[in-house]
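Comments concern the structure below.
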Amino acid sequence: MLLLATVVALVWVNSPWSDSYKDLWQTKITIGPSGFDLSKAAILWVNDGLMAIFFFVVGLEIKREILVGQLSSPRAAAVPVFAAVGGMAVPALIYAMFTVGTPSIDGWGIPMATDIAFALGILALIGSRAPISLKIFLTALAIVDDLGAVLVIALFFTDQISVTSLIVAVVFVVLLFGANFAGIRNPLVFFILSFCLWVAFLQSGVHPTLAGVIAAMAIPSKKLIDDQQFLTRLQDISTQFRTVARGQKERVEHHRQRVFGELESAAAHAASPMSRLEHLLHPWVAFMIMPVFALANAGLEIDTSTIQSMDDRISLGVIFGLAIGKPIGVVLFTWLAIRLGVGTLPVGLNWRVITGGGFLAGIGFTMSLFISRLALDNEGDVDVAKAGILVASVVSALIGSILLVQNGRSTKKRQSG
Numbered sequence: 000m001l002l003l004a005t006v007v008a009l010v011w012v013n014s015p016w017s018d019s020y021k022d023l024w025q026t027k028i029t030i031g032p033s034g035f036d037l038s039k040a041a042i043l044w045v046n047d048g049l050m051a052i053f054f055f056v057v058g059l060e061i062k063r064e065i066l067v068g069q070l071s072s073p074r075a076a077a078v079p080v081f082a083a084v085g086g087m088a089v090p091a092l093i094y095a096m097f098t099v100g101t102p103s104i105d106g107w108g109i110p111m112a113t114d115i116a117f118a119l120g121i122l123a124l125i126g127s128r129a130p131i132s133l134k135i136f137l138t139a140l141a142i143v144d145d146l147g148a149v150l151v152i153a154l155f156f157t158d159q160i161s162v163t164s165l166i167v168a169v170v171f172v173v174l175l176f177g178a179n180f181a182g183i184r185n186p187l188v189f190f191i192l193s194f195c196l197w198v199a200f201l202q203s204g205v206h207p208t209l210a211g212v213i214a215a216m217a218i219p220s221k222k223l224i225d226d227q228q229f230l231t232r233l234q235d236i237s238t239q240f241r242t243v244a245r246g247q248k249e250r251v252e253h254h255r256q257r258v259f260g261e262l263e264s265a266a267a268h269a270a271s272p273m274s275r276l277e278h279l280l281h282p283w284v285a286f287m288i289m290p291v292f293a294l295a296n297a298g299l300e301i302d303t304s305t306i307q308s309m310d311d312r313i314s315l316g317v318i319f320g321l322a323i324g325k326p327i328g329v330v331l332f333t334w335l336a337i338r339l340g341v342g343t344l345p346v347g348l349n350w351r352v353i354t355g356g357g358f359l360a361g362i363g364f365t366m367s368l369f370i371s372r373l374a375l376d377n378e379g380d381v382d383v384a385k386a387g388i389l390v391a392s393v394v395s396a397l398i399g400s401i402l403l404v405q406n407g408r409s410t411k412k413r414q415s416g
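Number 52 in numbering that gives the first Met the number 0 belongs to position 53 of the sequence shown; there are no gaps in the numbering.
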């Protein structure tokens with residue numbers, strides 16, 4: 000879906016109907032009653048609104064990984080954390096080397112990002128030739144990478160701060176965490192408070208997508224009943240269902256619905272609101288929000304000036320940062336983590352696989368596009384960065400795929416031999 004949306008955007012903006020593409024995303028959309036309404040261009044509703052939901056899911060993933068996932072154990076987390084730090088620091092330094100002394104150095108955050116959706120999509124196409132441990136490693140790396148992107152946005156890409164709106168935002172943060180500690184589990188309460196937090200951030204000058212991450216951290220992660228209690232309730236419900244099934248025909252349907260209601264309640268209590276929301280929102284993010292974001296932001300007019308811009312400092316910094324800096328940073332800092340003894344190489348991975356994974360991490364795409372719009376003021380500079388992001392992402396995907404396919408073939412040969 001991401002790839003299809005990207006292709007559609009590129010074809011559309013380079014077609015005779017390119018004006019309709021630009022007009023669509025600049026169309027003003029207003030919501031809310033008069034006097035309390037919000038009016039923004041469509042592209043800003045995508046980048047500030049829909050992306051807040053994306054970052055909300057990112058926040059849920061970060062919280063899950065810290066509580067029960069790859070980042071819950073310091074030793075297990077050490078290698079992907081080191082790899083992520085290297086994968087952010089080296090590309091940023093390479094970009095800075097190309098743009099030092101120019102205003103475009105503000106875009107140093109562009110090549111730091113990893114588009115995990117595209118990276119995992121490539122792994123899915125490669126199939127069994129890439130070890131499953133690489134998917135786990137890349138996912139943990141991308142979670143830390145996303146956390147780094149959140150910090151970069153919060154610290155460096157905020158507008159002039161409105162203290163009043165920021166105080167209001169803090170109040171809603173307190174209410175969100177207070178609702179958690181009070182034992183409230185109704186999703187509607189958290190939705191209303193999260194929306195109010197988003198509006199407060201929107202008015203404060205802090206980028207509103209950060210509201211998504213903060214709200215996610217306040218979502219309850221504890222289950223109301225444990226697995227053993229759930230099994231006990233399932234047995235009781237199963238017994239009730241057998242009794243109902245043997246009852247009189249005209250009364251069966253009513254009792255069946257009551258039993259089904261108890262089953263739904265038990266299932267809801269056995270899963271935390273955090274995991275339920277992540278499971279509910281993930282398809283919407285993957286199949287609607289991210290493709291719409293790509294459609295709105297990937298449109299790049301390709302002409303002679305675009306080709307000439309490939310030797311621009313911005314595009315070179317992005318290309319070398321993503322396609323070269325990412326794999327160097329990931330491999331070097333992974334080696335450093337192992338050398339220092341803070342972690343071990345995950346089972347099933349070797350240095351060729353780590354290098355291939357490092358190149359896949361160089362597929363910046365959606366996150367890089369997002370940060371480029373925050374970091375660069377000039378629309379022409381954004382287009383130059385966009386061209387670099389597209390080139391770097393394609394190169395990274397191709398090299399990473401070739402390395403992993405070759406590793407899969409050599410592994411098969413050794414096993415058959």
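Glycine is no exception: its CB is placed at the ideal position from the N, C-alpha and C atoms.
#1: Buried or exposed for R74, going by 16 or more other Cβ atoms inside 10 Å?
#2: Can you name the start and end residues of the beta strand (DSSP E) that I288 belongs to?
#3: Thinking just about the alpha-carbon of each residue, which of A293, K325, P110, T29 is nearest to the one in L9?
#4: As a quick exercise: from P15, S127, D145, pick the residue whose alpha carbon is nearest that of M50.
#5: Judging by CA-CA distance, which residue of S271, A269, T242 is the nearest neighbour of R257?
#6: For the beta strand (DSSP E) containing K39, list its first residue and its last residue.
#7: My output table needs one value for K221: the three-state DSSP class, helix, strand or coil.
#8: Could you check what DSSP says for I30 in three-state terms: helix, strand or coil?
#9: For I213 and P207, I'd like the C-alpha separation in whole angstroms.
#10: Helix, strand or coil for Q234, going by three-state DSSP, please let me know.
#11: Which residues in the same chain have their Cβ closer than 8 Å to the Cβ of A265, if we skip the five residues on either side of it in sequence?
#12: Can you tell which of I109, R184, D226 has the C-alpha that lies nearest to the C-alpha of S371?
#13: According to the neighbour-count rule (16 or more other Cβ atoms, all chains shown, within 10 Å of its Cβ), is R408 buried or exposed?
#14: Identify whether L299 lies in helix, strand or coil by the three-state DSSP scheme.
#15: Grab the span of the alpha helix (DSSP H) containing V188 for me, first residue to last.
#16: Does the distance from the CB of L59 to the CB of M366 come in under 8 Å?
#17: Which same chain residues end up closer than 6 Å to V80 when comparing Cβ atoms and leaving out the 5 residues on each side of it in sequence?
#18: Which residues in the same chain have their Cβ closer than 6 Å to the Cβ of W107, if we skip the five residues on either side of it in sequence?
#19: Considering D18, what are the terminal residues of the alpha helix (DSSP H) in which it resides?
#20: What distance in whole Å lies between the Cβ atoms of L375 and A384, which are believed to be in contact at a cut-off of 8 Å?
#21: Compute the Euclidean distance between the alpha carbons of V420 and A41, then round it to the nearest angstrom.
#22: Are the CB atoms of I121 and A396 nearer to each other than 8 Å?
#23: Three Cβ pairs or more, each shorter than 8 Å: is that satisfied between the stretch 184 to 198 and the stretch 151 to 160?
#24: Quick test of your reading: V352 and L403, contact by CB under 8 Å. State the CB separation rounded to the nearest angstrom.
#25: Quick one: give me the first and last residue of the alpha helix (DSSP H) that D105 is part of.
#26: Any idea if V45 is buried or exposed, counting beta-carbon neighbours within 10 angstroms, 16 or more meaning buried?
#27: Can you tell me which of G100, M0, F54 puts its alpha carbon nearest to the alpha carbon of R312?
#28: Give the single residue among L201, A336, D18 whose Cα lies nearest to the Cα of V167.
#29: Let me check understanding here. Comparing Cα to Cα, which of M216, F319, W16, L174 lies closest to M87?
#30: My output table needs one value for I160: the three-state DSSP class, helix, strand or coil.
Let me lay it out:
#1: As a first step, residue 74 is located in the sequence shown; it is residue number 75 there, counting from the start. R74 comes out exposed.
#2: Translated into the one-based positions of the sequence shown, residue 288 becomes position 289. I288 -> no beta strand (DSSP E), and no H or E assigned at all.
#3: Against the sequence shown, residue 9 aligns to sequence position 10. It is A293.
#4: Locating residue 50 in the sequence shown gives position 51, counting from the first residue. Minimum Cα distance to M50 is reached at D145.
#5: As a first step, residue 257 is located in the sequence shown; it is residue number 258 there, counting from the start. Looking at the Cα atoms, T242 is the closest of the given residues.
#6: For the purposes of this step, residue 39 is taken as the residue at position 40 of the sequence shown. Its beta strand (DSSP E) spans residues 37 to 40.
#7: For this step, residue 221 is matched to residue 222 along the sequence shown. Coil at K221, not helix or strand.
#8: Within the sequence shown, residue 30 is the residue found at index 31, counting from 1. Taken through DSSP and simplified to helix, strand or coil, I30 comes out as strand.
#9: Translated into positions along the sequence shown, residue 213 becomes position 214. Translated into positions along the sequence shown, residue 207 becomes position 208. I213 and P207: Cα-Cα distance of roughly 10 Å.
#10: The residue given as residue 234 occupies position 235 in the sequence shown. Three-state DSSP puts Q234 in a helix.
#11: Here residue 265 refers to the residue found at position 266 when the sequence shown is read from its first residue. I224, F229, R232, L233, I236, listed in sequence order.
#12: Here residue 371 refers to the residue found at position 372 of the sequence shown. Selected option, being the one with the closest Cα: I109.
#13: Translated into positions along the sequence shown, residue 408 becomes position 409. R408 counts as exposed, since fewer than 16 other beta carbons sit within 10 angstroms of its beta carbon.
#14: The residue you call residue 299 lines up with position 300 of the sequence shown. The answer is coil: DSSP assigns L299 none of H, G, I, E or B.
#15: Here residue 188 refers to the residue found at position 189 when the sequence shown is read from its first residue. Residues 186 to 203.
#16: If you number the sequence shown from 1, residue 59 lands on position 60. If you number the sequence shown from 1, residue 366 lands on position 367. No, they are not a contact pair.
#17: By one-based count along the sequence shown, residue 80 stands at place 81. For V80, where only same-chain residues beyond five positions count, the Cβ hits under 6 Å are V143.
#18: Translated into the one-based positions of the sequence shown, residue 107 becomes position 108. For W107, where only same-chain residues beyond five positions count, the Cβ hits under 6 Å are A91, Y94, A95.
#19: Translated into the one-based positions of the sequence shown, residue 18 becomes position 19. Note, D18: alpha helix (DSSP H), 17 to 25.
#20: Within the sequence shown, residue 384 is the residue found at index 385, counting from 1. Within the sequence shown, residue 375 is the residue found at index 376, counting from 1. Confirmed, about 6 Å.
#21: Because the chain spans 0 through 416 in this model, residue 420 falls outside it and cannot be assessed.
#22: Counting from 1 along the sequence shown, the entry for residue 121 is found at position 122. Counting from 1 along the sequence shown, the entry for residue 396 is found at position 397. Contact: yes.
#23: They do not touch, by the three-pair rule.
#24: Sequence index remark: in the sequence shown, residue 352 carries index 353 (1-based). Sequence index remark: in the sequence shown, residue 403 carries index 404 (1-based). About 7 Å; that satisfies the 8 Å criterion.
#25: In the sequence shown, counting from the first residue as 1, residue 105 sits at position 106. Membership of D105 in any alpha helix (DSSP H) is not indicated, and neither H nor E is assigned to it by DSSP.
#26: What you label residue 45 is simply residue 46 of the sequence shown in a count that begins at 1. Answer is buried; the Cβ neighbour count reaches 16.
#27: What you label residue 312 is simply residue 313 of the sequence shown in a count that begins at 1. Comparing Cα positions, the closest option is G100.
#28: Residue mapping note: residue 167 aligns to position 168 of the sequence shown, counting from 1. Of L201, A336, D18, the residue nearest in Cα terms is L201.
#29: As a position in the sequence shown, residue 87 is number 88, starting the count at 1. Ranking the options by Cα distance to M87, first place goes to F319.
#30: If you number the sequence shown from 1, residue 160 lands on position 161. Reduced to three states, the DSSP call for I160 is coil.
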